[in-house]
């Protein structure tokens with residue numbers, strides 16, 4: 000397990016700047032007579048004076064006293080507003096929100112209405128009610144009143160999206176703030192948060208660019224946050240030297256900041272990746288005492304001492320870190336390893352046993368079991384050694400310690416092999432590669448031990464991006480033939496490399512070889528899954544289904560032999576998920592429902608379960624089971640943001656469509672408001688515009704409905720879609736219901752002339768013809784009916800069209 004700079008690359012959200020700015024605005028408003036020009040009674044002035052002086056409890060009592068007086072509506076609104084502000088200051092967020100909401104609902108709320116909306120949202124957020132906060136923010140941002148609080152609302156909206164790990168929404172919101180409010184005091188803060196969200200999405204270059212804008216402006220303390228983000232982004236992009244440079248800049252400018260501590264840890268792990276252990280040792284002298292004594296820095300120092308084989312010093316530091324971070328299993332392992340290197344086997348055993356007690360399934364548990372086995376063997380306790388070895392093989396069958404015959408030997412080569420493995424797990428790739436190269440130089444005829452070395456070296460080279468060398472190692476394993484237990488794994492690795500380089504046919508050939516030559520192996524199951532995926536990606540659904548069925552059949556035939564293996568279980572579930580997707584693509588919704596329900600019975604929490612829940616809901620929707628679909632989509636909608644699923648927007652969209660089926664128009668509009676705020680870049684946003692048009696029309700707002708329909712039609716993603724045809728037809732319907740038959744006719748004609756969907760052309764021709772009849776344009780009506788019948792006679796509704804044509808012709812014959 001490679002050490003990861005977890006603490007060095009994580010950072011809590013900082014809200015202090017936003018709160019200070021908001022409070023500054025509130026204080027400015029409170030001290031201004033402009034907000035309460037009509038309130039002139041003495042009690043109110045006393046209450047306001049107490050507020051300005053920061054006497055929160057006294058001012059609250061005074062404002063509540065004002066509200067007991069027979070005030071006019073404007074004075075009452077002012078007292079209600081300031082009482083809510085005081086409750087916010089006192090941390091009574093639920094009470095404050097209730098007051099803001101009463102103010103919003105009152106008829107006389109100016110000049111407080113817009114700001115009360117925003118403060119209601121903030122109070123709901125701070126009262127840990129994000130759903131309510133998002134609803135109020137959406138209402139605020141949709142209000143037609145211009146407000147200088149809009150940047151604050153966008154910042155809060157981004158903060159809520161970030162807290163829910165809804166990074167795409169966060170990026171869209173922060174980007175809007177940056178672009179639409181270039182002179183806002185919050186712009187730099189938004190750029191920092193934008194950089195953070197982009198970093199979470201893996202868009203490192205964009206994150207660095209956004210952060211650099213803030214750094215160039217020299218704005219503190221935002222520049223401090225921005226420099227840390229730049230260091231993190233460079234580290235994650237594997238630009239380790241640039242990460243170190245960012246840390247050095249941060250340390251020079253902000254030597255005592257918390258961000259400097261975090262950046263120093265990032266730089267330390269960057270030095271680790273560069274195998275510059277002396278640089279790690281020098282870090283404490285380059286920072287302040289607080290950073291030097293930080294547990295994470297002590298751990299980094301201990302690792303550097305370990306890498307430099309200063310066992311005594313490393314042992315002391317690991318012992319100190321273990322007291323500070325008692326649950327870190329890798330710390331316990333390295334403490335034990337240092338004691339073992341010092342030949343203090345008793346102390347080493349204590350550390351390793353403690354590791355197993357803390358977490359027997361830890362990624363470091365196989366290392367601990369192996370070390371305990373080797374120590375027991377070195378002391379002549381062969382029974383204990385055998386017990387630990389058997390435990391290792393049972394619990395971690397894929398561990399390099401359990402799988403290699405070389406690891407079971409007590410030779411110089413075995414020792415060198417174990418050193419290579421340890422270096423590789425430590426993330427010291429250069430040292431690991433040197434050890435493997437030394438082993439390679441000690442050539443012998445290919446055998447199990449040599450095959451294991453080549454296999455592990457190939458994995459290391461692949462990690463390092465040395466693909467050609469990795470391929471050579473895997474080919475050596477394959478050349479060993481039946482004497483190598485890693486042949487199937489090596490063939491699988493070669494197939495993956497082929498696939499990654501775009502050689503799909505070669506990859507498929509290797510995958511088939513693994514499936515045929517090693518039918519009962521885990522590698523064969525992996526190969527079958529990849530073959531199914533490749534077939535699905537190339538549109539060969541039947542072949543994909545065949546490979547999925549073969550995988551599931553083998554999984555069931557092997558029973559516990561494969562089912563007990565975590566990866567085997569994952570492959571089984573991924574295969575079932577792929578089969579659900581294939582059934583959905585063929586629109587076999589009954590099969591989708593059956594497979595989704597089966598997967599939900601088998602799988603625990605996680606993205607695959609959420610996907611199965613989505614497909615179950617979608618199948619109920621497509622099958623017309625509206626009640627079941629609504630209940631299922633509500634579950635998906637509540638949970639989707641936790642996994643940041645790209646298709647999360649489908650749940651609220653489907654809920655809005657279900658509400659539309661029941662003509663619950665206010666519910667539709669409410670759902671769509673939240674939908675657009677949370678998923679502004681969703682590819683099917685035109686579907687939301689179409690639904691809004693229906694809801695507005697259903698409530699009698701025909702003009703607004705037409706605007707929504709036109710917005711849907713003009714969306715580039717709707718080009719040549721059935722939704723665009725349907726929306727154009729609905730524009731005609733709105734005019735028709737207003738008895739504006741001329742405009743209705745023109746709208747229907749656009750459906751006939753511009754859209755390729757026969758059923759909508761026939762419907763449009765019917766309605767256009769009716770408009771002509773009502774306008775006494777009988778020849779034109781006949782033309783609509785005749786021309787459309789000539790093109791679309793196969794559509795079911797064409798029978799009605801033919802009947803209408805006969806009626807028109809009869810009318811014309813009487814003239």
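In our numbering, the protein residues as written are 0 to 814. All residues carry an ideal CB built from backbone N, CA and C; glycine is no exception.
Through-space distance from residue j to residue i, alpha-carbon basis
i: residue 569; j: residue 530; result: 16 Å
i: residue 574; j: residue 114; result: 52 Å
i: residue 93; j: residue 265; result: 40 Å
i: residue 578; j: residue 259; result: 49 Å
i: residue 49; j: residue 42; result: 11 Å
i: residue 562; j: residue 590; result: Here residue 562 scores only 42 on pLDDT, less than 50, and its place in the model should not be relied on; the value that follows carries that caveat. Approximately 25 Å between the Cα atoms of the pair.
i: residue 417; j: residue 261; result: 33 Å
i: residue 633; j: residue 276; result: 53 Å
i: residue 133; j: residue 648; result: 15 Å
i: residue 95; j: residue 200; result: 36 Å
i: residue 639; j: residue 79; result: 38 Å
i: residue 801; j: residue 656; result: 33 Å
i: residue 811; j: residue 779; result: 11 Å
i: residue 547; j: residue 323; result: 49 Å
i: residue 553; j: residue 545; result: 12 Å
i: residue 98; j: residue 88; result: 14 Å
i: residue 390; j: residue 380; result: 16 Å
i: residue 160; j: residue 688; result: 23 Å
i: residue 727; j: residue 706; result: 11 Å
i: residue 665; j: residue 654; result: 13 Å
i: residue 195; j: residue 157; result: 11 Å
i: residue 337; j: residue 537; result: 53 Å
i: residue 497; j: residue 470; result: 10 Å
i: residue 660; j: residue 637; result: 22 Å
Beta-carbon proximity of residue i to residue j, cut-off 7 Å
i: residue 755; j: residue 791; result: no
i: residue 137; j: residue 672; result: yes
i: residue 453; j: residue 477; result: no
i: residue 332; j: residue 363; result: yes
i: residue 222; j: residue 229; result: no
i: residue 766; j: residue 740; result: no
i: residue 116; j: residue 139; result: yes
i: residue 566; j: residue 549; result: no
i: residue 303; j: residue 317; result: no
i: residue 724; j: residue 734; result: no
From the options, residue whose alpha carbon lies closest to that of residue i
i: residue 58; options: 47, 93, 68; result: 47
i: residue 341; options: 356, 313, 368; result: 313
i: residue 209; options: 237, 239, 176, 647; result: 176
i: residue 521; options: 490, 88, 540, 497; result: 490
i: residue 821; options: 633, 468, 425, 484; result: Any answer about residue 821 is impossible in this case: the structure gives the chain only from 0 up to 814.
i: residue 394; options: 375, 361, 384; result: 361
i: residue 397; options: 413, 373, 455, 345; result: 455
i: residue 772; options: 554, 807, 646; result: 807
i: residue 542; options: 70, 601, 507, 460; result: 507
i: residue 299; options: 249, 278, 287, 288; result: 278
i: residue 518; options: 504, 488, 499, 540; result: 488
i: residue 428; options: 611, 675, 458; result: 458
i: residue 319; options: 350, 344, 343, 306; result: 350
i: residue 438; options: 413, 84, 636; result: 413
i: residue 329; options: 53, 205, 354, 273; result: 354
i: residue 347; options: 374, 365, 285; result: 374
i: residue 702; options: 431, 127, 805, 732; result: 732
Where residue i falls, given that 16 or more other Cβ within 10 Å makes a residue buried
i: residue 617; result: buried
i: residue 181; result: exposed
i: residue 4; result: With a pLDDT of 28 at residue 4, under the threshold of 50, the modelled position of this residue cannot be trusted, and the question is left open.
i: residue 183; result: buried
i: residue 813; result: exposed
i: residue 630; result: exposed
i: residue 486; result: buried
i: residue 678; result: buried
i: residue 466; result: exposed
i: residue 794; result: buried
i: residue 512; result: buried
i: residue 382; result: exposed
i: residue 464; result: exposed
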